[in-house]
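Report on the following structure.
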Amino acid sequence: MVPGRSVRTFAGVASVLIGHGWNPFTPFGVADWDRDGHRDIIARDDATTKLWLYPGQSVRGYSGAPRAQIGNGF
């Protein structure tokens, strides 16, 4: 993930590793899906077709929040 500053130019901020093992997933979007003020990731596990919410915590790095299944058959 490359943190942004809501501008249309290079952010000038170093990349941050937010996880590993994303290859079997298709990302659906990054937004504040659970309305808690933090950006979250929605991704589909391609092998199981389950849809997962990865809650954000607005920290630079790994989130300690557990993922939640929010759909099936996608």
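Position in the sequence shown (from 1) plus 143 gives the number in my numbering.
Where is the CB? At the ideal position from N, CA and C, for every residue including glycine.
- If the five residues before and after G216 are omitted, its C-beta is found closer than 7 Å to the C-beta atoms of T192, all from its own chain and listed in chain order.
- Cβ neighbours of R182 within its own chain (closer than 6 Å, five residues either side excluded): V173, D175 and G199.
- I184 is bridged by DSSP to V173 and Y197.
- Per the coordinates, the alpha-carbon of A211 lies some 19 Å from the alpha-carbon of N166.
- A direct Cα-Cα distance of roughly 18 Å separates A157 from H163.
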